[in-house]
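Engineer:
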Amino acid sequence: MATRGLPAWPWSDAEVDDLPAAERLLLDGMRLWAAAADAGQPPLPALRPPFAAEDASAAIAPLDALLRGIAAAGPLALCCPLCPHVAEEEALLLLSCALTQRGARREALSLFLRWLPPGSAYAAMPPAIHLGIALREAGLLLRNPLRMR
Numbered sequence: 000m001a002t003r004g005l006p007a008w009p010w011s012d013a014e015v016d017d018l019p020a021a022e023r024l025l026l027d028g029m030r031l032w033a034a035a036a037d038a039g040q041p042p043l044p045a046l047r048p049p050f051a052a053e054d055a056s057a058a059i060a061p062l063d064a065l066l067r068g069i070a071a072a073g074p075l076a077l078c079c080p081l082c083p084h085v086a087e088e089e090a091l092l093l094l095s096c097a098l099t100q101r102g103a104r105r106e107a108l109s110l111f112l113r114w115l116p117p118g119s120a121y122a123a124m125p126p127a128i129h130l131g132i133a134l135r136e137a138g139l140l141l142r143n144p145l146r147m148r
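Going by numbering that gives the first Met the number 0, the first residue of the sequence shown is number 0, and it counts up by one from there.
1) Alpha carbon to alpha carbon, how far is Leu112 from Ala57? Give it in angstroms, no decimals.
2) Helix or strand or just coil, what does DSSP make of Leu140?
3) Can you tell me whether Glu136 is buried or exposed? The criterion is at least 16 other CB atoms within 10 Å of its CB, across all chains shown.
4) With H, G and I counted as helix, E and B as strand and the rest as coil, what does DSSP make of Glu14?
5) I believe Leu62 touches Gly28 by the beta-carbon criterion, under 8 Å. Please report the beta-carbon distance rounded to the nearest angstrom.
6) Would you mind giving the Cβ-Cβ distance between Leu130 and Cys96, rounded to the nearest angstrom? I have them listed as a contact below 8 Å.
7) Just how far apart, CA to CA, sit Ala1 and Ala127?
8) May I have the straight-line CA-CA distance separating Gly68 from Ser119, to the nearest angstrom?
9) Inspect the CB distances between the stretch 137-145 and the stretch 17-27 and report whether three or more fall short of 8 Å.
Rendered as structure tokens:
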């Protein structure tokens with residue numbers, strides 16, 4: 000499966016404060032999860048405050064499952080919660096989640112295949128799909144990367 004030719008993600012190296020609300024929530028959740036895991040604490044409780052504040056608690060379990068699966072394949076290169084810029088791997092993960100939520104699952108899988116082994120990339124798809132559904136049900140739509148211009 001080709002992993003080239005996908006649109007450049009506009010959030011790569013962007014200011015975190017410039018992100019739309021849905022992307023910011025997802026990025027904050029990813030970073031809080033990674034910070035808790037790095038500190039040896041259970042990462043799931045770290046996700047509760049921001050997602051509960053946005054009435055998106057249903058997205059906590061799928062995000063946890065997605066990040067656990069990715070972390071099992073290798074270390075996550077996620078920044079600390081206070082880092083002002085979006086890192087490359089964070090941008091790829093945001094793009095993969097946005098594509099999955101918008102129904103472009105083949106393209107999302109190709110992005111997961113950029114940095115994950117095939118088994119882990121395929122295993123990442125079900126939690127990514129459930130995450131997209133949970134965010135959509137909470138009224139949080141990630142921007143469609145195939146239509147951004």
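Glycine included, each C-beta is placed from N, C-alpha and C at the ideal position. Computed from a predicted model, the values in this text were never measured in an experiment.
Structural biologist: Well, looking at it:
1) Along the sequence shown, read from residue 1 onward, the residue named residue 57 stands at position 58. Along the sequence shown, read from residue 1 onward, the residue named residue 112 stands at position 113. Separation of Ala57 and Leu112 (C-alpha to C-alpha, rounded to the nearest whole angstrom) is 26 Å.
2) The residue you call residue 140 lines up with position 141 of the sequence shown. The answer is coil: DSSP assigns Leu140 none of H, G, I, E or B.
3) Here residue 136 refers to the residue found at position 137 of the sequence shown. By the beta-carbon neighbour count (other beta carbons within 10 angstroms, threshold 16), Glu136 is exposed.
4) Taking the sequence shown and counting its residues from 1, the one referred to as residue 14 is at position 15. Judged by DSSP in its simplified three-state form, Glu14 adopts strand.
5) In the sequence shown, counting from the first residue as 1, residue 62 sits at position 63. In the sequence shown, counting from the first residue as 1, residue 28 sits at position 29. 6 Å between Cβ atoms; contact.
6) As a working note, residue 130 is residue 131 in the sequence shown. As a working note, residue 96 is residue 97 in the sequence shown. Their Cβ separation, rounded to whole angstroms, is 6 Å, which keeps Leu130 and Cys96 in contact under 8 Å.
7) The count along the sequence shown starts at 1 and reaches residue 1 at position 2. The count along the sequence shown starts at 1 and reaches residue 127 at position 128. Only weak support exists for where Ala1 lies, its pLDDT of 49 falling under 50; the coordinates are left without a value.
8) Position 69 of the sequence shown, counted from the start, is the residue given in the question as residue 68. Position 120 of the sequence shown, counted from the start, is the residue given in the question as residue 119. Looking at the two C-alpha atoms, the distance is approximately 7 Å.
9) Yes, since at least three Cβ pairs between the stretch 137-145 and the stretch 17-27 fall closer than 8 Å, the two stretches touch.
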